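This report concerns only the one structure given below.
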Amino acid sequence: MVTERYIVKGDDFQAAGSASSAMKQMLRGAGVPMEVIRRAAICMYEGEINMVIHARGGEAEVSFDGQEITMKLSDNGSGIENPQLALKEGWSTATDEIRGLGFGAGMGLPNMKRNSDDLTIESVPGKGTTIVMKIKV
Amino acid sequence: MTLSKVKELLGAEILCGESNMEQEILSACGSDMMSDVLAFVKEQSMLLTGLVNPQVMRTAEMMDMRCIVFVRGKRPDQPMLDLAESHGMVVMNTPLRMYPSCGRLYEAGLKGENA
Ligand SMILES: Nc1ncnc2c1ncn2[C@@H]1O[C@H](COP(=O)(O)OP(=O)(O)OP(=O)(O)O)[C@@H](O)[C@H]1O
Ligand SMILES: [Mg+2]
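Protein chains in written order, with our numbering: chain A, 471 to 607; chain B, 121 to 235.
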């Protein structure tokens with residue numbers, strides 16, 4: 471069993487993705503097959519970018535028990551009012567500024583769902599969001 | 121198609137990864153929206169884009185891409201190139217715009233994923 475914690479800084483778009491990059495390296499070291507790592511990396515990166523652009527940063531905890539990768543992303547941001555709606559392709563509250571950076575198409579959460587075997591969203595408006603994704607190896 | 125051939129077809133300049141130019145790539149995609157690249161692209165080894173920020177490098181890294189081509193002469197800064205280089209990626213830029221860049225590669229036999 472390996473577990474790693476990563477801090478995702480909220481005010482730093484430039485540095486976003488460093489947690490996902492570190493996780494990729496960790497999974498490679500643990501001998502996880504490349505196709506599985508890629509799916510995990512896409513999930514984690516979408517979640518990390520979301521924490522940066524929608525939640526002023528947060529924290530990620532990733533563990534691998536030899537059979538399953540669990541990624542838990544927690545933040546104290548504004549929360550997601552309606553998670554079912556947020557999971558719909560194309561639904562986004564992103565600003566034009568964010569779109570100018572190449573994000574904000576409302577594709578992230580659906581993509582996280584597609585690439586993971588299990589995804590749960592717990593969110594309290596005004597308090598924060600916790601997303602847990604699991605991928606079988 | 122080798123990356124050397126890509127460079128020749130696009131009249132591109134190599135910005136980093138010069139020693140990896142003989143790699144073969146089988147398909148490519150072109151987009152300025154990283155959201156779309158992350159959501160729709162499968163098994164692509166090269167990204168063409170007009171967007172310049174570190175998340176372009178990160179997106180390519182997450183998807184295990186081998187090469188990024190910046191169109192319209194766009195030039196990433198040194199920290200971005202260092203990031204790409206640390207993952208063994210080739211980065212080039214071409215004076216061409218997106219449409220002719222993709223067109224030349226497609227015509228020479230490099231298809232997209234659904235071709
Ligand atoms: N951690 C979060 N905290 C608060 N709101 C969030 C969070 N993650 C997602 N959201 C909300 O859910 C919406 C949909 O998220 P999703 O990732 O699918 O799309 P996006 O981030 O807007 O665009 P894309 O992911 O395509 O770049 C966001 O626009 C935002 O309103
Ligand atoms: Mg998103």
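Even for Gly, the Cβ is constructed at its ideal location relative to N, Cα and C. As the structure is a computational prediction, the values presented were derived from the model and not from experiment.
Ordered along the chain, which non-local residues of its own chain (more than five positions away) have a Cβ less than 6 Å from that of residue i?
i, result
"E205/B", "C136"
"S611/A", "The requested residue 611/A does not occur in the structure, where chain A is confined to residues 471 to 607."
"N520/A", "G578"
"Y226/B", "none"
"N546/A", "G598"
"D587/A", "K604, I605, K606"
"R475/A", "E531"
"M185/B", "S165, L167"
"A564/A", "G574"
"E567/A", "none"
"E133/B", "N213"
"V502/A", "V607"
According to DSSP, is residue i helix, strand or coil?
i, result
"V472/A", "strand"
"A235/B", "For A235/B, the predicted structure reports a pLDDT of 49, less than 50, and the residue's modelled location is therefore unreliable. The matter cannot be settled from this model."
"S593/A", "strand"
"L557/A", "coil"
"N552/A", "coil"
"E505/A", "helix"
"G570/A", "helix"
"E133/B", "strand"
"I145/B", "coil"
"D156/B", "helix"
"G223/B", "helix"
Can you tell me where the alpha helix (DSSP H) with residue i in it begins and where it stops?
i, result
"S124/B", "123-130"
"K583/A", "578-585"
"V602/A", "Element bounds for V602/A: not the alpha helix (DSSP H) but the beta strand (DSSP E), 598-606."
"S491/A", "488-499"
"T179/B", "174-182"
"G439/A", "The requested residue 439/A does not occur in the structure, where chain A is confined to residues 471 to 607."
"M236/B", "Within the shown structure, residues of chain B are numbered from 121 to 235, placing residue 236/B beyond reach of any answer."
Going along the chain, which residues of its own chain have a beta-carbon closer than 7 Å to the beta-carbon of residue i, five neighbours each way excluded?
i, result
"P553/A", "I591, S593"
"K494/A", "I507, A511"
"A486/A", "E518, I519, V522"
"A235/B", "In this predicted model, A235/B has a pLDDT of only 49, less than 50, meaning its place in the structure is not dependable enough to derive any value."
"G193/B", "N213, P215"
"M200/B", "P174, M177"
Can you name the start and end residues of the beta strand (DSSP E) that residue i belongs to?
i, result
"L167/B", "166-169"
"M209/B", "Looking at the DSSP string, M209/B is not in any beta strand (DSSP E), and its letter there is neither H nor E."
"F190/B", "187-190"
Original post:
If you measure from each residue's Cβ to the nearest non-hydrogen atom of ligand 2, which ones come out under 5 Å, in chain order?
Top reply: These are the residues, in chain order, with a beta carbon less than 5 Å from any non-hydrogen atom of ligand 2: N520/A, G578/A.
Original post:
At what residue ranges does the stretch 515-539 of chain A contain a whole run of the alpha helix (DSSP H), taking only runs of 4 or more?
Top reply: Entirely contained in the stretch 515-539 of chain A, not one alpha helix (DSSP H) run reaches 4 residues.
Subject >> Contact set between the stretch 165-178 of chain B and chain E, restricted to residues whose Cβ is under 9 Å from the partner >> reply: Checking the listed chains, one finds no chain E in this structure; the protein chains it contains are A and B.
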